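K.L.:
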Amino acid sequence: MIFINIDITNSFMKEAVPLARQMEGDWIARMKIALNSVIINHYLNLPLTIENVNELLRKGVSYRRICKHYGIGRKDIEKLRQSSVV
């Protein structure tokens, strides 16, 4: 599991609050959606590693989106996951 320090958490919140204000509905639901979106974008901007892939999958990002973003195939992700197991 990847731990995020307080500075990164604060920057996530600074990005998520304006995004949540643009949405409609319950504030807690809007913040949850906005914060997840900001965190997913953060991990997508990091280089491709097995830890980042696992964290993206834990956050609910599909294999298709990960493959499309990094320009790789699903088999490449499986190879990456297999190499980390060995």
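Numbers in the working numbering are just positions in the sequence shown, counted from 1, shifted up by 456.
Using N, Cα and C, we set each Cβ at its ideal position, and we do this for glycine too.
These numbers come from a predicted model, not from an experiment.
Use the C-beta contact count for E480: other C-beta atoms within 10 angstroms, 16 or more gives buried, fewer gives exposed.
P.N.:
exposed
K.L.:
Compute the Euclidean distance between the alpha carbons of A472 and I464, then round it to the nearest angstrom.
P.N.:
12 Å
K.L.:
If you count every other CB in all the chains shown that lies within 10 Å of the CB of A490, and 16 or more means buried, which is it?
P.N.:
buried
K.L.:
Which one of E511, P503 and N510 has the shortest CA to CA distance from Y526?
P.N.:
P503
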